[in-house]
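Here the protein sequences line up with chains A and B, keeping their order. Just so we're aligned, residue 16 is where the first sequence starts under our numbering, counting upward by one. Just so we're aligned, residue 3 is where the second sequence starts under our numbering, counting upward by one.
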Amino acid sequence: MSGNAIRVIVLMTAAMVLSACAADLKENVIVVLPEEDGSAGAIVVDDGTSSVVLDKPLAAVQINDRGEAEPVAVADQQVSEIFGQALAAQPLKPSKFVLYFNEGTDALTEESRQAFEAVFEDIKRRPSYEIWVIGHTDTVDDPAYNQRLSLQRAMAIRDMLVFRGIYGAVISVAGRGEIDLAVPTPDRTEEPLNRRVEITVR
Amino acid sequence: MTRWILITALCLFAVPAWTERAWADRAGTVKTVSGEAFLERGGEQLPAGVGDEVMVDDVIVTGADGAMGVTFDDNTRFAAGPDTRIAVESFRFNSDSMEGDFLANISQGTVTVDSGDIARGSADAMKVRTPSAILGVRGTRFALRVGAE
Chain A
16 MSGNAIRVIV LMTAAMVLSA CAADLKENVI VVLPEEDGSA GAIVVDDGTS
66 SVVLDKPLAA VQINDRGEAE PVAVADQQVS EIFGQALAAQ PLKPSKFVLY
116 FNEGTDALTE ESRQAFEAVF EDIKRRPSYE IWVIGHTDTV DDPAYNQRLS
166 LQRAMAIRDM LVFRGIYGAV ISVAGRGEID LAVPTPDRTE EPLNRRVEIT
216 VR
Chain B
3 MTRWILITAL CLFAVPAWTE RAWADRAGTV KTVSGEAFLE RGGEQLPAGV
53 GDEVMVDDVI VTGADGAMGV TFDDNTRFAA GPDTRIAVES FRFNSDSMEG
103 DFLANISQGT VTVDSGDIAR GSADAMKVRT PSAILGVRGT RFALRVGAE
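Take a look at the structure:
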């Protein structure tokens, strides 16, 4: 047989095998999708009899005729085929902007002033938007004090946004004190990177 | 005169209760819409528009050519393909403490999910139920297809 004929037969066989694999997926399928950086979190699937942990990109189960979740291989292309319309309807990912303050003042650092301006560019991308302003502290003071301080800082940033013309009703504020550290530290530890306000636009 | 003072006072006390209840029932916002897309609420099918509030107990519904994307108040994103039904059974999120819980019931269709702060907070805080399984979500993107019964 000629080289070309062999290539054609191999390609056709491969295509048949691949399409047979696509057709083999059952109706009920659950698949982990990779994040932008290729990493994946985890989901635990409980089918009533046992639990399966899916914690890698494209880790998947399908529900068989006995109602059990069984591991199954799912290809990238199958994900696009099955979930294409849902994927196209995904909302824009929320954007986060982190602001830091000059030591001991309420004045933003130079980089933070630029981050603040980026909020206004981001808003333009979104047909409908909401803004969350969340204050954080380091672990120096006690938790209750830090919660109040972080909320005050968030409110100060909200006032800056409103002053620049953002409608107050779309802005929400929260103070997380020391419960959501950017840099893990022991208690009573100064850490400028933890003393921040995060603006989320979604 | 006293009657009007009493009525005004009663109304003023009632207002915080109204706003508190409205805030507590919120779950998210519709961000994308195409084709037949509805929010089923109180037995009615309301056509969904970008910017609409999604409330607890709403059912996200899409028709044969529909799709809809919703961002929830903890930054979780759901995207529904055609012929999909997602019931928001419960949603609670405290932005200060990051505590919360979220239960969505997907009875049919195709859905992609990017989990947000509730799933980040604790292991079993965010769950998705389908007719055949319950998923515990621990911070990830995933997709699922549920066959109509």
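Ideal Cβ placement from N, Cα and C applies to all residues, glycine included.
When Cβ-Cβ separations below 9 Å define contact, Ile136 of chain B makes contact with chain A.
Around the CB of Gln92 of chain A, fewer than 16 other CB atoms lie within 10 Å, so the residue is classed as exposed. Our two residues, Tyr160 of chain A and Gly192 of chain A, have alpha carbons roughly 8 Å apart in a direct line. Annotation: Cβ neighbours of Pro109 of chain A in chain B (cutoff 9 Å, chain order): Thr73, Asn77, Arg79 and Gly118.
In the displayed model, Arg217 of chain A falls within coil according to three-state DSSP, outside both helix and strand.
Chain-order list of chain A residues neighbouring Ala82 of chain B: Ala101 and Ala104, by C-beta distance under 8 Å. In this structure, DSSP gives Ala74 of chain A a state outside helix and strand, which the three-state scheme calls coil. Taking 7 Å as the upper bound on Cβ-Cβ separation, chain B lies near residues Ala55, Gly56, Ala57, Ile58, Val59, Val60, Asp61 and Asp62 of the segment 51-67 of chain A. For the pair Leu107 of chain A and Arg217 of chain A, the Cα-to-Cα distance works out to about 7 Å. Non-local C-beta neighbours of Lys33 of chain B in its own chain, meaning closer than 7 Å and more than five positions away in sequence, comprise Val52, Gly71, Val72 and Thr73, ordered along the chain. By the Cβ test, the segment 95-104 of chain A is in contact with the segment 76-92 of chain B, since at least three Cβ pairs between them sit closer than 8 Å.
The criterion of a C-beta distance shorter than 9 Å is not satisfied by Ile78 of chain A and Asp70 of chain A.
Of the candidates A:Pro109, A:Arg173 and A:Gly18, the residue whose Cα lies closest to the Cα of Tyr182 of chain A is A:Arg173. By the rule that beta-carbons nearer than 9 Å mark a contact, Ser97 of chain B touches chain A. Bounds of any alpha helix (DSSP H) do not take in Gln110 of chain B; it lies within the beta strand (DSSP E) bounded by Gly102 to Asp116. For Leu164 of chain A, there is no enclosing beta strand (DSSP E); the enclosing alpha helix (DSSP H) has its first and last residue at Pro158 to Phe178. A check of alpha carbon separations from Ala90 of chain A across A:Val47, A:Asp80 and A:Thr154 identifies A:Val47 as the nearest.
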